[in-house]
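Note sheet for the following structure.
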Amino acid sequence: MIESADTQLNRGVYREATSICGQTAANDDGMPHYVVFYAMTEEGYFHDCMGVIADSDNNFTHSDTIITSRYCLAEGDISATKVIPLSNYIPNIAIIKLNQPIAYTDGIFPMCFPNKSDTLDEDLTCNIAEIYIGMLAPNLFTWTVKMLPHKDCAKLLNATSIDYKNKLCFTEIYGPSFQMLTIYDEDILTEGSALVCNKQGRRYLYGVRDFVKEFRKQPHKLPVVVVTFIPPYLDFIKENM
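In the working numbering, the protein residues as written are 73 to 313.
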């Protein structure tokens with residue numbers, strides 16, 4: 073059962089003049105925006121998934137909302153937690169309402185939301201963010217990705233029915249990096265990982281990781297990461313924050 077959210081975050085500010093969301097700095101690795109959900113038992117800690125601290129348009133001091141994947145929490149956890157999953161036919165997003173809000177500090181900030189009319193192109197710098205659970209503290213891994221054209225995505229996934237308005241495909245720009253190669257390591261939290269894009273010096277949450285397609289029989293091909301695109305569901309998210 074989920075007991076708490078580990079908010080060991082780091083330093084980490086825009087939003088069209090409305091809040092402190094999405095701050096970036098030269099010595100900031102991005103951790104200010106994330107939480108880790110874990111269970112604590114007599115046998116130790118069991119890390120389940122990660123999530124993004126959601127920004128509120130009219131709150132500048134704290135957040136009680138986490139955006140993550142709908143598979144972040146097991147059904148047993150959902151029954152004991154304030155969770156607002158989207159309907160079954162809507163993709164992989166869940167809104168978690170915390171019993172106690174997370175106060176903003178010099179080392180804890182929310183992530184910015186994009187506009188619901190936003191689209192992505194290859195010129196925008198985006199990263200997939202995942203968390204490695206180290207011996208002393210969680211560490212954030214990010215790897216730079218590029219968006220694939222819809223036709224290439226459908227071909228690689230052998231799935232012509234993917235809705236390009238709601239699902240986007242990405243692959244790593246610079247080839248297999250340490251981060252990419254450790255994506256399946258048991259100490260890497262991938263459930264709830266985020267697609268984060270930088271705009272005007274701020275970080276924006278553009279997607280939640282859905283799944284990864286590997287090409288084990290074709291090792292020269294980079295894995296494809298499929299994400300659920302946030303903007304089409306922005307109204308729903310904000311109505312339930």
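For glycine and all other residues, C-beta sits at the position ideal for the given N, C-alpha and C. Just so you know, these numbers come straight off a predicted model, no measurement behind them.
Secondary structure note for residue 105: it is in no beta strand (DSSP E), with a DSSP letter that is neither H nor E. Excluding residues up to 5 positions away in sequence, 77, 79, 107, 125, 134, 135, 136, 180 lie with their Cβ nearer than 8 Å to the Cβ of residue 174 in the same chain.
Assigned with DSSP and collapsed to three states, residue 194 falls in coil, not helix or strand. Pairing residue 222 with residue 194, the inter-Cα distance amounts to about 13 Å. A direct Cα-to-Cα measurement between residue 128 and residue 218 gives close to 28 Å.
Residues of the same chain with a CB within less than 6 Å of the CB of residue 186, apart from the 5 flanking positions on each side, are 276, 278, 303 in chain order. Distances from the alpha-carbon of residue 122 to those of 266, 305, 312 put 266 closest. The Cβ atoms of residue 210 and residue 103 sit closer than 9 Å to each other. Looking from the CA of residue 294, the closest CA among 234, 166, 201, 229 belongs to 229.
Collapsing the DSSP output to three states places residue 144 in coil. In this structure residue 94 is buried. Its beta-carbon is surrounded by 16 or more other beta-carbon atoms within 10 angstroms. The continuous stretches of alpha helix (DSSP H) do not include residue 239, which lies in the beta strand (DSSP E) extending over residues 239-244. In the three-state scheme derived from DSSP, where H, G and I count as helix and E and B as strand, residue 311 is classed as helix.
C-alpha of residue 141 to C-alpha of residue 166: approximately 5 Å in a straight line.
Leaving aside the five residues that flank residue 243 on each side, the residues in its chain whose CB is nearer than 8 Å to its CB run, in chain order, 217, 218, 220, 294, 295, 296, 297. Residue state for residue 267 is assigned as strand, using DSSP reduced to three classes. By the neighbour-count definition (other C-beta atoms within 10 Å, threshold 16), residue 183 is a buried residue. Ranking 200, 289, 238, 239 by CA distance to the CA of residue 245 puts 200 first. Taking a C-beta distance under 9 Å as the contact criterion, residue 306 and residue 169 do not qualify as a contact pair. Residue 164 counts as buried, since at least 16 other C-beta atoms from the protein chains shown sit within 10 angstroms of its C-beta.
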